[in-house]
Each structure stands twice: as structure tokens, then as C-alpha cells.
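Novice: In numbering that gives the first Met the number 0, the protein residues as written are 0 to 583. Here it is, the structure, as C-alpha cells.
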Amino acid sequence: MKTDKTPQIIALYARVSSSNQEVEQTIQSQIDEIKSRIEADGNVLPKENIFIDDGWTGEMLQRPSLDLMRDGAKTGMFKVLYVYDRGRLSRIFFHQEIVLEELRDNDIEFISLHDVKAVTPEEQVLQSMQGVFHQYERIKIIERFRRGKLFKARQGIIINGDALYGYSYVKKTDKLPTLYQINEKEAEIVRKIFRWVGIEGLSIRGVIMRLYRMGVYPRKRRKDTWSKGPIVRMLKNRSYVDGIAFYNKSEAVVSKNPINKEKYKRVKRTSRRVRPTEDWIPFKIPKLIDESLFDKVQKILEDNKRYASKNRKYDYLLTGKTYCEHGFRRVGDGYSKGLNHYYRSAARIYEYPKETKCDCMGVNAVVLDGLFWNKLYAILIDPDLLKKLAERWFNERNDYSKSSEEGIDNLKKKIDNLKDEEVRYARMYGEGIVDSGQFEELMKGVKNKKRGYQGEMEEIRNKSNSSNTTKVSLDELCQEAERVIKLQDATDRKQIVRDLVEKIIIKKGGDEVITWIHIPLNQAHLMGYGAKRGDIHFSVPQFEFYFKVAIPKANKERLIMERDMMGRILSSKVPEVYNHYAEK
Numbered sequence: 000m001k002t003d004k005t006p007q008i009i010a011l012y013a014r015v016s017s018s019n020q021e022v023e024q025t026i027q028s029q030i031d032e033i034k035s036r037i038e039a040d041g042n043v044l045p046k047e048n049i050f051i052d053d054g055w056t057g058e059m060l061q062r063p064s065l066d067l068m069r070d071g072a073k074t075g076m077f078k079v080l081y082v083y084d085r086g087r088l089s090r091i092f093f094h095q096e097i098v099l100e101e102l103r104d105n106d107i108e109f110i111s112l113h114d115v116k117a118v119t120p121e122e123q124v125l126q127s128m129q130g131v132f133h134q135y136e137r138i139k140i141i142e143r144f145r146r147g148k149l150f151k152a153r154q155g156i157i158i159n160g161d162a163l164y165g166y167s168y169v170k171k172t173d174k175l176p177t178l179y180q181i182n183e184k185e186a187e188i189v190r191k192i193f194r195w196v197g198i199e200g201l202s203i204r205g206v207i208m209r210l211y212r213m214g215v216y217p218r219k220r221r222k223d224t225w226s227k228g229p230i231v232r233m234l235k236n237r238s239y240v241d242g243i244a245f246y247n248k249s250e251a252v253v254s255k256n257p258i259n260k261e262k263y264k265r266v267k268r269t270s271r272r273v274r275p276t277e278d279w280i281p282f283k284i285p286k287l288i289d290e291s292l293f294d295k296v297q298k299i300l301e302d303n304k305r306y307a308s309k310n311r312k313y314d315y316l317l318t319g320k321t322y323c324e325h326g327f328r329r330v331g332d333g334y335s336k337g338l339n340h341y342y343r344s345a346a347r348i349y350e351y352p353k354e355t356k357c358d359c360m361g362v363n364a365v366v367l368d369g370l371f372w373n374k375l376y377a378i379l380i381d382p383d384l385l386k387k388l389a390e391r392w393f394n395e396r397n398d399y400s401k402s403s404e405e406g407i408d409n410l411k412k413k414i415d416n417l418k419d420e421e422v423r424y425a426r427m428y429g430e431g432i433v434d435s436g437q438f439e440e441l442m443k444g445v446k447n448k449k450r451g452y453q454g455e456m457e458e459i460r461n462k463s464n465s466s467n468t469t470k471v472s473l474d475e476l477c478q479e480a481e482r483v484i485k486l487q488d489a490t491d492r493k494q495i496v497r498d499l500v501e502k503i504i505i506k507k508g509g510d511e512v513i514t515w516i517h518i519p520l521n522q523a524h525l526m527g528y529g530a531k532r533g534d535i536h537f538s539v540p541q542f543e544f545y546f547k548v549a550i551p552k553a554n555k556e557r558l559i560m561e562r563d564m565m566g567r568i569l570s571s572k573v574p575e576v577y578n579h580y581a582e583k
């Protein structure tokens with residue numbers, strides 16, 4: 000009912016966070032109720048005095064329309080502010096008080112439709128208590144929602160609506176529970192990416208380029224190309240091979256280094272942090288990737304990380320391959336004030352400041368790199384030595400070929416059994432024992448098993464074919480190796496070492512080196528060096544050879560004066576020599 004008071008210029012503020020619209024009412028319902036009250040009070044509401052934050056969290060005080068309203072209060076744009084309740088200003092009590100104090104300082108009346116009218120000091124205290132309950136209500140709603148989802152997840156009910164790439168989220172029906180089912184179109188892309196990296200040796204950038212040329216875009220398409228992050232996370236995700244995904248794996252946190260530097264943010268917690276593994280809640284999903292292929296991909300990703308280009312004082316040829324005889328990795332560690340660079344045991348870094356368990360001396364990197372390359376070069380171009388080393392491996396390979404044939408026969412029997420299983424499921428569907436949805440799920444399971452067995456057969460055949468090397472191929476290999484290796488620069492040499500060398504153990508005295516190497520069984524592998532290509536990782540035999548390294552003695556002994564927190568040498572000096580003439 001309209002009053003006889005002089006109409007006042009007023010303002011309206013409304014806010015709702017998109018995730019809580021059912022509880023907080025929609026923006027439009029808030030506005031309609033406030034406008035009805037304004038009309039009943041006989042006040043005037045200019046269009047420019049309507050301030051709305053739709054989809055903005057109440058945890059943050061920085062909101063576009065709220066800031067405009069606060070600026071308008073300072074400049075006298077209105078005399079009265081109407082809101083649905085105090086919780087629209089903020090869900091945080093002291094944030095509410097900041098805004099209300101600004102309004103009081105500017106002589107602006109505050110009217111809340113669903114809070115106590117605050118005129119007297121007692122009423123102001125009571126309204127403040129209601130503000131505290133707004134914050135409590137929000138915490139209670141969030142906690143109830145969180146506990147409810149955790150309870151369902153522990154009962155085996157799938158909560159994650161955003162399925163992994165390669166799967167589709169299927170909502171609950173009267174006959175089937177919520178589940179992840181294989182999205183055949185996306186699943187085929189996942190399998191291709193794993194094969195490209197694990198079998199073809201394609202780099203991550205190569206995967207991105209191939210997906211772009213195929214017209215395959217990310218699911219949440221913001222641009223036409225994939226980025227490295229999603230592909231690497233896909234390749235490292237064990238859910239594809241284990242058939243187990245997790246709920247409650249991460250939590251939302253405030254970003255420490257936000258990419259988006261904008262002043263206003265709808266959501267306060269824009270980053271994710273991984274929870275402790277004991278908090279993860281597992282649920283089953285169909286498998287997509289074979290275990291052996293997944294392991295190959297992990298090895299390649301680890302190598303990519305280990306051999307990544309870095310700004311180095313010295314370009315160590317044997318990076319990531321050297322170990323001491325105690326099993327500790329040897330890492331490059333150069334003396335920054337001189338030209339000497341060494342492979343030293345990493346134990347002194349890992350165990351610092353405690354006394355190291357490794358007593359192996361450092362090995363001069365320049366000397367070892369040069370001698371090692373010369374020895375490797377001599378082996379790769381020596382056909383007699385190659386054939387002698389290969390003869391032992393061929394004998395061992397014959398035994399593997401026999402077991403491979405038996406393995407293929409067993410897999411064929413399993414595939415035949417699956418055909419019987421398909422017939423049995425079809426009969427059950429025809430007799431009405433299972434409905435159409437259950438029948439489709441059963442048949443998909445059979446199809447996935449068959450694909451897995453066929454993949455295992457293909458892998459066994461590939462391994463078996465790799466052993467069919469003739470004397471001619473070894474001769475061609477040596478001729479091609481001699482031609483190609485002469486053209487290599489330092490970068491190509493590191494690539495050859497990376498692909499051929501399995502492990503290098505440097506003995507305690509530093510004068511003996513034991514090396515396990517791979518020898519490629521066709522010249523195509525060597526012909527790839529020196530060209531722009533993806534990293535080639537191939538399954539080839541291991542040969543063992545020995546050689547000794549004569550390490551030159553240091554010109555001067557030195558005393559270590561200072562180390563950093565990682566155990567690296569910061570300063571040293573030449574020890575003082577006792578002068579017995581000084582006493583005379």
C-alpha cells in the first residue's frame with residue numbers, strides 16, 4: 000500500500016550464485032519481490048539504479064555491480080537501497096558489515112525484505128546476528144551437499160558427471176544405475192594417441208599436429224587445437240588401463256598464480272589441488288588400453304622429461320644413463336669457475352647434510368664422453384663384432400619364438416570362447432532374461448575383451464618379427480651406420496646414445512665402465528637420425544660390452560670449503576703445504 004511520504008530515489012541490488020539458485024531464489028524472483036515492495040512504499044527506481052550480479056559467488060566482495068552500487072552510494076545516486084536479504088551483499092559477515100558501514104557513512108537507508116528492520120541499536124544487533132546466520136546457513140548447505148555426495152560415492156554410485164575423455168556419462172534410469180560407458184568415437188582417439196606415442200614414437204607436438212590434421216578437437220572446444228597438458232595427462236592416467244576412476248580426487252582452492260588477471264572473478268577458488276590418496280573413492284569403468292602399451296608410453300614420457308633441453312654449462316653426452324656401482328644415478332656437475340665437468344653420484348645430494356653412503360669418485364665428463372663415443376662408433380661400424388654379439392641373442396630369441404606361437408594359440412582359443420559367450424547372451428535376450436540395455440552392456444564387454452586379445456596377438460607377432468634378421472641386414476646396417484654417424488653433430492649423438500644405450504655403470508675407481516647397449520636390427524632406424532622426426536623407441540636386443548677409461552689425475556688437490564643446501568660445491572682452495580724452514 001502506497002504511503003503519503005515524498006517519493007525517494009532508491010537503488011536495488013540482487014545477487015545469486017548459479018550453483019545455488021534453487022535455495023537462493025532466481026535473480027528474477029528477487030527483483031520482482033523487491034520491485035513490489037518499492038511500489039508499495041511509493042518510491043522511484045531509475046533503470047540505472049538496478050544493480051545485478053547474476054552467477055557471482057557471495058564469498059568475494061569484488062563484484063562488478065556491487066562495486067558500481069558502492070560507487071553510486073558515495074556520489075549520492077540514491078538515498079535508499081533495497082535488497083532481498085543481507086546475504087545478497089555477501090555470505091561473509093564482516094564483508095556485510097563493511098558495505099553497511101559505507102551506506103551509513105553516506106546517510107543511505109538500508110532495507111532488507113527478509114531481515115529485521117534495524118533502526119534502534121538493539122535492532123541493529125539483531126540484524127547483525129541474522130547476518131551471522133546467513134554465513135552459517137551457507138556453510139551448512141555446503142557441508143550437507145558434500146557429505147551427501149561422499150555417502151553416495153562410497154555406496155558405489157558414480158557422482159562425476161564430467162566423464163574422462165573416451166567415456167560418456169550415462170544418467171540413472173529405472174533399470175540401470177549411473178555409469179560410464181565407452182564413447183567409441185573418443186575411445187578410438189585415445190587408443191590412437193597411445194599407439195602413436197608408444198609404438199610409432201611420435202612426440203607430443205606430433206600428436207597435436209596429427210589430431211589437428213584429422214580434424215579432431217578437444218571435447219570442451221575453445222579452440223581448434225589440442226594443448227600439451229590434456230594429452231600428457233591422458234597418457235599418464237592409469238584409469239584407462241586399470242579400469243578404475245576416482246571421485247574426490249581433488250579439491251578447489253584459491254589460485255596462487257592465476258592465469259586470468261582480471262579484477263572480477265565469479266568463482267573464488269579457480270585452481271585444483273590433489274587430495275591425499277586415502278581420500279580418493281574408486282569406481283569401476285571399462286578398460287581402454289593394454290598394460291604393456293601403457294608401460295611403454297610411461298617409459299617414453301620419463302625419457303622425454305629426463306632429456307628435455309636445458310641451459311647447461313656443459314652438454315653431457317650420457318645424461319640419464321650413468322650410475323655408480325652402488326646403484327645411485329650419476330648426474331652432471333661442473334665446476335663453474337673452471338673447464339672441468341664431472342659425472343658425480345647423486346647420493347651426495349639426496350643424503351646431504353648426512354654423510355653419503357656412496358664413496359665413488361667423480362669421473363671427468365669430457366674424457367668419458369669422448370672415449371665412450373669412440374667406442375660406440377667402433378662397435379656400430381664393425382660387422383664382425385656386431386655379428387658375434389648378435390649370435391648369442393639370436394639363440395635366445397629362438398626360444399622366445401616357440402613360446403610366442405603357443406601364446407598366439409592360447410589367445411585364439413580365448414577369442415573362440417568369446418564367440419560362444421556372444422551366442423549365449425543373444426539367447427538370454429531372446430528369452431527375455433535380460434533387457435535391451437543389459438544386452439548391449441554385455442555385448443560391449445565381450446567386444447572389449449576381444450579387442451584386448453587381438454592387441455596382445457599383434458604385439459606378440461611384432462616382437463617375433465623383429466627377430467627375423469639376416470646377415471644381409473647386418474651388413475647393410477654397418478654400411479649405413481658408418482655413413483650416417485660421420486655426419487652427426489652433438490645433438491644427434493645424444494639422440495643415438497638415448498636410443499641405443501640402456502645403462503652405464505661406472506666402477507668405484509672410475510677407471511672401468513660397463514655398458515649395456517641396444518643394436519637396431521634394420522637400417523631404417525639409423526637413417527632416421529639427422530632428420531626432423533619423432534623420438535624413435537624400438538624393442539631391440541641388449542648386448543653387453545666392457546671398456547676401461549683412464550682418468551687423468553688432477554693437477555692440484557683441493558679442499559672443499561663450502562657446499563650449498565643440495566650438497567653442491569660452492570668454493571674450495573688448495574691445501575697449505577707445511578714449511579719446516581719457517582720455524583728456523
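For glycine and all other residues, C-beta sits at the position ideal for the given N, C-alpha and C.
May I ask you to report which of helix, strand or coil DSSP gives Y452?
Specialist: On the sequence shown, residue 452 is found 453 positions in, with the first residue counted as 1. Y452: helix per DSSP, three-state reduction.
Novice: Roughly how far, in whole angstroms, is the beta-carbon of M233 from the beta-carbon of I192, given that I think they are within contact range, below 8 angstroms?
Specialist: Position 234 of the sequence shown, counted from the start, is the residue given in the question as residue 233. Position 193 of the sequence shown, counted from the start, is the residue given in the question as residue 192. With a Cβ gap of about 7 angstroms, M233 and I192 count as contacting.
Novice: DSSP three-state call for R36: helix, strand or coil?
Specialist: Against the sequence shown, residue 36 aligns to sequence position 37. In the structure shown, R36 sits in a helix (DSSP, three-state: H, G or I).
Novice: Is it right to say V98 is buried, meaning 16 or more other beta carbons lie within 10 angstroms of its own, or is it exposed?
Specialist: As a position in the sequence shown, residue 98 is number 99, starting the count at 1. Counting Cβ neighbours within 10 Å, V98 comes out buried, since at least 16 surround it.
Novice: CB L80 to CB F109, shorter than 8 angstroms?
Specialist: Taking the first residue of the sequence shown as 1, we reach residue 80 at position 81. Taking the first residue of the sequence shown as 1, we reach residue 109 at position 110. Yes, they are a contact pair.
Novice: In its own chain, which residues sit with a C-beta less than 8 angstroms from the C-beta of H94, not counting the 5 before and 5 after it?
Specialist: The residue you call residue 94 lines up with position 95 of the sequence shown. Taken in chain order, the residues that qualify are L60, L88.
Novice: Need the endpoints of the alpha helix (DSSP H) that Q95 sits in, please.
Specialist: Position 96 of the sequence shown, counting from 1, holds the residue named residue 95. First-last of the alpha helix (DSSP H) with Q95: 92 to 104.
Novice: Would DSSP call R492 helix, strand or coil?
Specialist: Position 493 of the sequence shown, counted from the first residue, corresponds to residue 492. Of the three classes helix, strand and coil, the one that applies to R492 here is helix, per DSSP.
Novice: Please state the DSSP three-state secondary structure of D591.
Specialist: With the chain represented from 0 up to 583, any question about residue 591 goes unanswered, as that position is not in the structure.
Novice: Nearest to I156 by CA position, among E32, T25, G228, F282, is which residue?
Specialist: Your numbering for residue 156 matches position 157 in the sequence shown. I156 has its Cα closest to that of F282, out of E32, T25, G228, F282.
Novice: Buried or exposed for G57, going by 16 or more other Cβ atoms inside 10 Å?
Specialist: Here residue 57 is taken as the residue at index 58 of the sequence shown, counted from 1. G57 is buried by the Cβ-count criterion.
Novice: So I207 is in the alpha helix (DSSP H); what residue range does that whole segment cover?
Specialist: As a first step, residue 207 is located in the sequence shown; it is residue number 208 there, counting from the start. Residues 203 to 213.
Novice: Could you spell out where the beta strand (DSSP E) holding Y246 opens and where it closes?
Specialist: Residue mapping note: residue 246 aligns to position 247 of the sequence shown, counting from 1. Note, Y246: beta strand (DSSP E), 243 to 246.
Novice: Are the Cβ atoms of I181 and Y168 separated by less than 8 angstroms?
Specialist: Taking the sequence shown and counting its residues from 1, the one referred to as residue 181 is at position 182. Taking the sequence shown and counting its residues from 1, the one referred to as residue 168 is at position 169. Taking 8 angstroms as the Cβ cut-off, I181 and Y168 do not qualify as a contacting pair.
Novice: Shortest alpha-carbon distance to T318 belongs to which of G71, Q7, I504?
Specialist: Numbered from 1 along the sequence shown, position 319 holds the residue referred to as residue 318. When only C-alpha atoms are compared, the closest one is I504.
Novice: Can you have a look at S335 and say buried or exposed, based on whether 16 or more other CB atoms are within 10 angstroms of its CB?
Specialist: Working through the sequence shown from its first residue, we reach residue 335 at position 336. Note that S335 has pLDDT 49, beneath the 50 cutoff, so the model's placement of it is unreliable and the number below is only indicative. Per the 10 Å Cβ criterion, exposed.
Novice: Tell me the rounded alpha-carbon separation between L370 and K304.
Specialist: Reading the sequence shown from its first residue, position 371 is the one you call residue 370. Reading the sequence shown from its first residue, position 305 is the one you call residue 304. Roughly 26 angstroms separates the two Cα atoms.
Novice: Helix or strand or just coil, what does DSSP make of Y168?
Specialist: On the sequence shown, residue 168 is found 169 positions in, with the first residue counted as 1. In this structure, Y168 counts as strand in the three-state DSSP scheme.
Novice: Candidates D289, S249, S291: which alpha carbon is nearest P275's?
Specialist: If you number the sequence shown from 1, residue 275 lands on position 276. Nearest option by C-alpha distance: S249.
Novice: How is T584 classed by DSSP in three states: helix, strand or coil?
Specialist: Nothing can be reported for residue 584, as the shown portion of the chain is limited to 0 through 583.
Novice: Do S254 and S238 come within 8 angstroms of each other at the CB atom, strictly closer than that value?
Specialist: Position 239 of the sequence shown, counting from 1, holds the residue named residue 238. Position 255 of the sequence shown, counting from 1, holds the residue named residue 254. Their beta carbons are not under 8 angstroms apart, which means S238 does not touch S254 by this criterion.
Novice: Cutting at 7 angstroms between CB atoms, please list the residues of its own chain near I26, excluding the five before and the five after it.
Specialist: Here residue 26 refers to the residue found at position 27 of the sequence shown. Around I26: A13, V15, I51, D53.
Novice: In this structure, does DSSP put E561 in helix, strand or coil?
Specialist: The residue labelled residue 561 in the question sits at position 562 within the sequence shown. Three-state DSSP puts E561 in a strand.
Novice: Are the Cβ atoms of Y376 and I414 separated by less than 8 angstroms?
Specialist: The residue labelled residue 376 in the question sits at position 377 within the sequence shown. The residue labelled residue 414 in the question sits at position 415 within the sequence shown. Not in contact: Y376 and I414 (Cβ atoms no closer than 8 angstroms).
Novice: Quick one: Cα of V492 to Cα of L316, how far?
Specialist: For the purposes of this step, residue 492 is identified with residue 493 of the sequence shown, where counting begins at 1. For the purposes of this step, residue 316 is identified with residue 317 of the sequence shown, where counting begins at 1. According to the sequence provided, residue 492 is Arg. The question's Val does not apply to it. Cα-Cα distance, rounded: 7 angstroms.
Novice: With the cut-off set at 8 angstroms, would you say G429 and V296 are in Cβ contact?
Specialist: For the purposes of this step, residue 429 is taken as residue 430 along the sequence shown, with counting starting at 1. For the purposes of this step, residue 296 is taken as residue 297 along the sequence shown, with counting starting at 1. In this structure, V296 does not lie closer than 8 angstroms to G429 by Cβ.
Novice: Apart from the five residues on each side of it in sequence, which residues of its chain come closer than 6 angstroms, Cβ to Cβ, to S64?
Specialist: Here residue 64 corresponds to residue number 65 of the sequence shown, with the count starting at 1. So the list reads F50, I51, D52, once near-sequence residues are dropped.
Novice: What's the call for V131, buried or exposed, on a 16-neighbour Cβ count within 10 Å?
Specialist: To locate residue 131, count along the sequence shown from 1; it is residue 132. Per the 10 Å Cβ criterion, exposed.
Novice: DSSP three-state label for P382, please.
Specialist: Taking the sequence shown and counting its residues from 1, one reaches residue 382 at position 383. Correct three-state label for P382: helix.
Novice: Kindly indicate which three-state DSSP category F282 falls into: helix, strand or coil?
Specialist: In the sequence shown, counting from the first residue as 1, residue 282 sits at position 283. The answer is strand: DSSP assigns F282 an E or B state.
Novice: Quick one, which of D383, K412, L149, I91 has its alpha-carbon nearest M456's?
Specialist: Here residue 456 corresponds to residue number 457 of the sequence shown, with the count starting at 1. Checking every option, the nearest Cα to that of M456 belongs to K412.
Novice: Hey, out of Y342, Y83, L102, R62, whose CA is closest to G75's CA?
Specialist: Taking the first residue of the sequence shown as position 1, residue 75 is located at position 76. Checking every option, the nearest Cα to that of G75 belongs to L102.
Novice: Locate the beta strand (DSSP E) running through I9, then write down its first and last residues.
Specialist: Position 10 of the sequence shown holds residue 9. Counting along the chain, the beta strand (DSSP E) containing I9 begins and ends at 9 to 15.
Novice: Got a sec, what are the start and stop residues for the alpha helix (DSSP H) I156 sits in?
Specialist: Stepping through the sequence shown from its first residue, residue 156 is reached at position 157. Per DSSP, I156 belongs to no alpha helix (DSSP H) and is neither H nor E.
Novice: Apart from the five residues on each side of it in sequence, which residues of its chain come closer than 6 angstroms, Cβ to Cβ, to K320?
Specialist: As a working mapping, residue 320 is identified with position 321 in the sequence shown. Cβ within range, chain order: V500, I503.
Novice: Taking 7 angstroms as the limit between beta carbons, can you name the residues of its chain near K449, skipping five residues before and five after?
Specialist: Taking the first residue of the sequence shown as position 1, residue 449 is located at position 450. Answer for K449: I414, L417, listed in chain order.
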